[in-house]
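Down below is the structure, laid out as C-alpha cells.
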Amino acid sequence: MKVFTDTNYREHGARNLVEYLDKEKGLENRAGEEMSDEEIEAFIEKSEEYEFEREVIISPQNGTDLSDDQFSLYTRQVMSEFCKDRNTATYCYAIHRDTDHPHAQVALTGTKRDLWMDKEDCEQLRERAQEQFHDQHRELTKELSHQFEQTLQHETTHELETESDRDLDHEQDSGPEPEQAQAQGPDS
C-alpha cells in the first residue's frame with residue numbers, strides 16, 4: 001500500500017494556509033480535537049512570530065477506506081514522529097475528501113531550522129508515513145478479525161440456542177407421551 005506525501009514551505013505566517021485548510025470541516029489540533037477560533041488565532045500568531053510555515057500533504061492509497069477517526073489518528077502519528085526532535089514545531093491539520101484522493105493537509109509552524117527539510121528528510125517523512133500506515137492497517141485488520149470472530153461466535157451461540165428452543169417447542173407441541181396419556185386416564 002502506497003502513501004503519497006508532498007511538502008512545501010514559505011517564509012511568512014500561516015494565515016492563508018490555515019484559512020484554506022479550514023474550508024471543509026474545521027481544523028484539528030495535535031490531540032485530534034477540533035480547534036476553537038482562539039486556538040486557530042494563537043497558531044497563526046505563532047506562525048507570524050516565526051515567519052515560517054510548512055505544508056505537508058499525506059494521502060494513503062486507500063484513503064477512501066479510512067474513517068475520519070482513523071485518518072486523524074494516522075496523521076497525528078506521522079506528524080508527532082516528525083515533530084519529536086523539532087522543539088518549536090507544532091501543527092494543525094484537516095482531513096479533505098473533496099478530491100478523488102482523500103488526504104490530510106497539515107500546517108506546521110516553528111523556526112526555519114526546525115521546519116527545514118532536505119531531500120533526505122522528505123524521504124524519511126514518506127517512509128515514516130508508510131510505516132505508520134502499515135502499523136495502523138495491521139491493527140485495524142486485527143481488530144476487524146477479532147470483531148468477526150466475536151460476531152461469528154455470537155451467531156453460532158444464538159443459532160444453537162434457537163435450535164434448542166425449537167426442540168423444546170416441538171416437544172411441548174407434540175403433547176404428553178402415550179404412557180402419560182394412559183396413566184392420566186379419561187377422568188384425570
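Residue numbering for the sequence shown is 1 to 188, as defined by full-length UniProt numbering.
Note that the Cβ used here is the ideal one computed from N, Cα and C, for glycine as well.
{"Check": "Nearest to His-134 (by Cα), restricted to the options Phe-43, Ala-104 and Gln-61", "Outcome": "Gln-61"}
{"Check": "Cβ shell of Asp-6 (< 7 angstroms), same chain only, five flanking positions each side left out", "Outcome": "Ile-57"}
{"Check": "Which residues DSSP lists as bridging Asn-8, in chain order", "Outcome": "Glu-55"}
{"Check": "Cβ neighbours of residue 213 in the same chain (closer than 8 angstroms, five flanking residues each side left out)", "Outcome": "Any property of residue 213 remains undetermined from this structure, which presents the chain solely from 1 to 188."}
{"Check": "Enclosing beta strand (DSSP E) for Leu-108 [first to last residue]", "Outcome": "103-109"}
{"Check": "Distance CB(Leu-73)-CB(Ala-89) smaller than 8 angstroms", "Outcome": "no"}
{"Check": "Contact belief for Lys-46 with Thr-99 at Cβ below 8 angstroms, rounded distance in angstroms", "Outcome": "Between Thr-99 and Lys-46 the Cβ distance is about 29 angstroms, and since that is not below 8 angstroms, they are no contact."}
{"Check": "Residue environment, Gln-132, which counts as buried when at least 16 other CB atoms sit within 10 Å", "Outcome": "buried"}
{"Check": "Residues of its chain near Val-3, where Cβ-Cβ distance is below 6 angstroms and the 5 sequence neighbours each way are ignored", "Outcome": "Pro-60, Ala-129, Gln-130 and Phe-133"}
{"Check": "Straight-line Cα distance separating Thr-156 from Gln-150", "Outcome": "10 angstroms"}
{"Check": "Nearest neighbour of Tyr-9, chosen from Ala-107, Leu-125, Arg-126 and Glu-123 [CA to CA]", "Outcome": "Ala-107"}
{"Check": "CB contact flag (Gly-63, His-12, <8 angstroms)", "Outcome": "no"}
{"Check": "For Arg-76 and Arg-30, believed in contact at Cβ under 8 angstroms, the rounded distance", "Outcome": "7 angstroms"}
{"Check": "Glu-123 versus Asp-68 - alpha carbon distance", "Outcome": "25 angstroms"}
{"Check": "Bounding residues of the beta strand (DSSP E) (the contiguous stretch that carries Thr-90)", "Outcome": "90-96"}
{"Check": "CB of Ala-14 within 8 angstroms of CB of Glu-51, strictly", "Outcome": "no"}
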